[in-house]
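Everything on this sheet refers to the single structure shown next.
There are 2 protein chains.
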Amino acid sequence: MTVTYRDVKADILAKITQGIWPPGELVPNETELAENYGCARATVNRAMRELAEAGLIERRRKAGTRVRIAPIRQAKFNIPIVRREVESRGETYRYALVSRSVGPPPDWLAARMDLASAGKVLRLICMHYANGAPYQHEDRWINLDALPQAETADFTQTGPNEWLVSAIPFSDAEISFSATLADDTLAGFLGGNAGDPVFTIERSTWWEGASITYTRLSFTPGHRMTTRY
Amino acid sequence: MTVTYRDVKADILAKITQGIWPPGELVPNETELAENYGCARATVNRAMRELAEAGLIERRRKAGTRVRIAPIRQAKFNIPIVRREVESRGETYRYALVSRSVGPPPDWLAARMDLASAGKVLRLICMHYANGAPYQHEDRWINLDALPQAETADFTQTGPNEWLVSAIPFSDAEISFSATLADDTLAGFLGGNAGDPVFTIERSTWWEGASITYTRLSFTPGHRMTTRY
DNA sequence: CAGTGGTCTAGACCACTGA
DNA sequence: CAGTGGTCTAGACCACTGT
Numbered sequence: 153m154t155v156t157y158r159d160v161k162a163d164i165l166a167k168i169t170q171g172i173w174p175p176g177e178l179v180p181n182e183t184e185l186a187e188n189y190g191c192a193r194a195t196v197n198r199a200m201r202e203l204a205e206a207g208l209i210e211r212r213r214k215a216g217t218r219v220r221i222a223p224i225r226q227a228k229f230n231i232p233i234v235r236r237e238v239e240s241r242g243e244t245y246r247y248a249l250v251s252r253s254v255g256p257p258p259d260w261l262a263a264r265m266d267l268a269s270a271g272k273v274l275r276l277i278c279m280h281y282a283n284g285a286p287y288q289h290e291d292r293w294i295n296l297d298a299l300p301q302a303e304t305a306d307f308t309q310t311g312p313n314e315w316l317v318s319a320i321p322f323s324d325a326e327i328s329f330s331a332t333l334a335d336d337t338l339a340g341f342l343g344g345n346a347g348d349p350v351f352t353i354e355r356s357t358w359w360e361g362a363s364i365t366y367t368r369l370s371f372t373p374g375h376r377m378t379t380r381y
Numbered sequence: 153m154t155v156t157y158r159d160v161k162a163d164i165l166a167k168i169t170q171g172i173w174p175p176g177e178l179v180p181n182e183t184e185l186a187e188n189y190g191c192a193r194a195t196v197n198r199a200m201r202e203l204a205e206a207g208l209i210e211r212r213r214k215a216g217t218r219v220r221i222a223p224i225r226q227a228k229f230n231i232p233i234v235r236r237e238v239e240s241r242g243e244t245y246r247y248a249l250v251s252r253s254v255g256p257p258p259d260w261l262a263a264r265m266d267l268a269s270a271g272k273v274l275r276l277i278c279m280h281y282a283n284g285a286p287y288q289h290e291d292r293w294i295n296l297d298a299l300p301q302a303e304t305a306d307f308t309q310t311g312p313n314e315w316l317v318s319a320i321p322f323s324d325a326e327i328s329f330s331a332t333l334a335d336d337t338l339a340g341f342l343g344g345n346a347g348d349p350v351f352t353i354e355r356s357t358w359w360e361g362a363s364i365t366y367t368r369l370s371f372t373p374g375h376r377m378t379t380r381y
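Protein sequence lines correspond, in order, to chains A and B.
With the first sequence counted from 1, adding 152 to any position gets you the working numbering.
With the second sequence counted from 1, adding 152 to any position gets you the working numbering.
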């Protein structure tokens, strides 16, 4: 019966939650714990490393490992493609391209995406439906200087989101959540009224230092984004 | 010059982002990669494990490792204590207890927290200020059956959030974000007007299967929650 | 300077699962 | 059944950082 890193992790976690090792407490070093548990130091190391990632303990060379005074709680959200999000709930997904235009970026966008004001951007407005009802409004801007092939792509059948993930497998992104008010136009698309509260996601994406796309997603009133942690 | 797991990870990541290993591609197995990179299998294993956690590849015994068709993107948010959040921006934090009451839970809360309707809950309404201006409104409910010592705790100087993290070092939680409208009361507290869009966080917390607390946090208009991923 | 965590290695056994 | 990832071990060297 060998001791696994999960065993060690669970035991240390228990010691913390039960207050045996209170916040701020210095935890025994890896060598000592390995002896106590009767396992290799690498096993203890993995357990402790994961607890540190989870924000429960704090590790510093020479100073040793301590139980965090205020554990860092972190919530993880999966950022799915809209279609998958809808379909995973067993609903039917429908997509529609509302408008498409090409031109120079407005000033606020040039500032936000760090674009030359002489550049060209593609702007797409799209709607995503779940079971026939409005679900999400998408206002998307794509930097054509960085991604010229977007100009000839067909966005009438598939959303830009899906096209982008296949064009750029991986990227850096900044995402932000906020609450805004629906104006008449947005309310029209989302099937509500002007003045409705709208849950809004904004996302900027970079790849190899170049700004690729900025998008603003607006959800129907009452939308919630939920996770456990 | 030994090869580190970071080197391996970076190289594999590069192969994916540059399309050398396109989505769906079967990646060589660990033994083979270890030979190619001239390092131990454990080193390759750690690199691949982290890439799998990041949602870029998918690993299955016997089936091998594949590049994910649609990478799972996940955003992490730190959920800080309000005071720390404010202070970390270099602003002065102030706390005020608005009201405190004890009684049976309303039906919606009993349902949400899975409480006996005969139970007792403590309700606190608090305000958090940054540099003297309203920052966050907190509507907090605590299950006194699970946490009787909350009834005698002093919440006039310190917020329930800080008291709770010391009383319960670790817990399961569900958090959800949404957009709501300020009513007259809330607008009064937050220094805005009725009808303002309000970014709202709701959080339920459990410990050892028992529901501990439910809270609803409302932020001043214009508040954003941002992260990189 | 010395103690602690960070990482690598070479080898081993095992658990899972696709064919 | 056999191939792949999952994990453990014992030992080693190193990087960082309090004292």
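By construction, the Cβ of each residue, glycine as well, lies at the ideal position given by its N, Cα and C atoms.
Quantities reported herein were computed from a predicted structural model and do not represent experimental measurements.
Item: When the Cα of A/Ala-222 is compared with those of A/Met-265, A/Arg-236, A/Ala-362 and A/Ala-204, which residue comes out closest?; Value: A/Ala-204
Item: How about B/Asn-411: is its C-beta nearer than 8 Å to some C-beta of chain A?; Value: Residue 411 of chain B lies beyond the residue range present for chain B, which begins at 153 and ends at 381; the question has no answer from this structure.
Item: Determine, using beta-carbon pairs with one atom in the stretch 335-353 of chain B and one in the stretch 315-328 of chain A, whether at least three such pairs fall under 8 Å.; Value: no
Item: Please list the segments of the alpha helix (DSSP H) lying wholly inside the stretch 187-233 of chain A, counting only runs of 4 or more residues, in order along the chain.; Value: 193-205
Item: Tell me the rounded alpha-carbon separation between A/Arg-225 and A/Arg-368.; Value: 27 Å
Item: What's the C-alpha gap between A/Leu-274 and A/Val-219?; Value: 50 Å
Item: Is it right to say A/Lys-161 is buried, meaning 16 or more other beta carbons lie within 10 angstroms of its own, or is it exposed?; Value: buried
Item: Take every Cβ of the stretch 364-379 of chain A, pair it with every Cβ of the stretch 281-291 of chain A, and state whether three or more of those distances are shorter than 8 Å.; Value: yes
Item: Can you tell which of B/Lys-272, B/Gly-171, B/Thr-372 and B/Ala-325 has its C-alpha closest to the C-alpha of B/Pro-300?; Value: B/Lys-272
Item: Residues in the same chain with beta-carbon distance under 7 Å from B/Ala-305, minus the five sequence neighbours each way, listed in chain order, please.; Value: Trp-315
Item: Run the CB neighbour count on A/Leu-178, radius 10 Å, all protein chains shown included, and call it buried at 16 or more, exposed below.; Value: exposed
Item: Applying a beta-carbon distance threshold of less than 7 Å, which residues of chain A neighbour B/Ile-231?; Value: Arg-225, Gln-226 and Ala-227
Item: Any beta carbon of chain A sitting closer than 8 Å to that of B/Val-250?; Value: no
Item: Here's the rule: buried if 16 or more other CB atoms are within 10 angstroms of the residue's CB, otherwise exposed. What is A/Arg-355?; Value: buried
Item: By the criterion of Cβ-Cβ separation under 9 Å, what are the contact partners of A/Arg-380 in chain B?; Value: Asp-324, Ala-325, Glu-326 and Ile-327
Item: On a Cα-Cα basis, can you pick out the residue from A/Glu-184, A/Pro-373, A/Phe-329 and A/Ser-328 that is closest to A/Gly-344?; Value: A/Pro-373
Item: Look up B/Ser-269 in the DSSP assignment and say whether it is helix, strand or coil.; Value: coil
Item: What residues in the stretch 333-350 of chain B have a beta carbon less than 7 Å from any beta carbon of chain A?; Value: Leu-333, Gly-347, Pro-349 and Val-350
Item: DSSP three-state call for B/Ser-323: helix, strand or coil?; Value: coil
Item: So the beta strand (DSSP E) B/Thr-352 belongs to, where does it begin and stop?; Value: 349-359
Item: Measure the CB-CB distance between A/Thr-357 and A/Ala-331 and report whether it falls below 8 Å.; Value: no
Item: Between A/Ile-341 and A/Pro-256, is the Cβ-Cβ spacing less than 8 Å?; Value: Note on residue identity: the sequence assigns Phe, not Ile, to residue 341 of chain A. Against a cut-off of 8 Å, the Cβ pair of A/Pro-256 and A/Phe-341 comes out as no contact.
Item: Between B/Val-317 and chain A, is any beta-carbon pair separated by less than 8 Å?; Value: yes
Item: Just mark A/Ile-172 as buried or exposed, buried being the case when its beta carbon has 16 or more other beta carbons within 10 Å.; Value: exposed
Item: Starting from B/Gly-163, trace the alpha helix (DSSP H) in both directions and tell me its first and last residue.; Value: Residue identity differs from the one stated: residue 163 of chain B is Asp in this sequence, not Gly. 157-169 is the span of the alpha helix (DSSP H), which, as asked, contains B/Asp-163.
Item: Note down, in chain order, every chain B residue with its Cβ under 9 Å from the Cβ of A/Val-222.; Value: At residue 222 of chain A the sequence reads Ala, which differs from the Val that was named. Here the neighbours are Pro-232, Ile-233, Arg-236, Glu-314, Val-317 and Ser-318.
Item: Using a Cβ-Cβ cut-off of 8 Å, state whether B/His-375 counts as contacting chain A.; Value: yes
Item: According to the neighbour-count rule (16 or more other Cβ atoms, all chains shown, within 10 Å of its Cβ), is A/Gly-130 buried or exposed?; Value: Residue numbering for chain A in the displayed model covers 153 to 381; residue 130 of chain A lies beyond these limits and cannot be assessed.
Item: What residue range does the alpha helix (DSSP H) around A/Thr-337 cover?; Value: 336-342
Item: Quick one, which of B/Leu-261, B/Gly-216 and B/Asn-188 has its alpha-carbon nearest B/Arg-201's?; Value: B/Gly-216
Item: Do you know how far the Cα of A/Val-238 is from the Cα of A/Val-155?; Value: 43 Å
Item: Is there at least one Cβ from chain B nearer than 8 Å to A/Ser-330's Cβ?; Value: yes
Item: Over the uninterrupted beta strand (DSSP E) stretch that includes A/Thr-367, give me the two end residues.; Value: 362-371
Item: Do the CB positions of A/Ala-298 and A/Ser-363 come within less than 8 Å of each other?; Value: yes
Item: Determine the burial state of A/Asn-313: buried for a count of at least 16 other Cβ atoms within 10 Å of its Cβ, exposed for fewer.; Value: buried
Item: Which residue from B/His-375, B/Arg-264, B/Tyr-189 and B/Arg-236 puts its Cα closest to that of B/Thr-310?; Value: B/Arg-236
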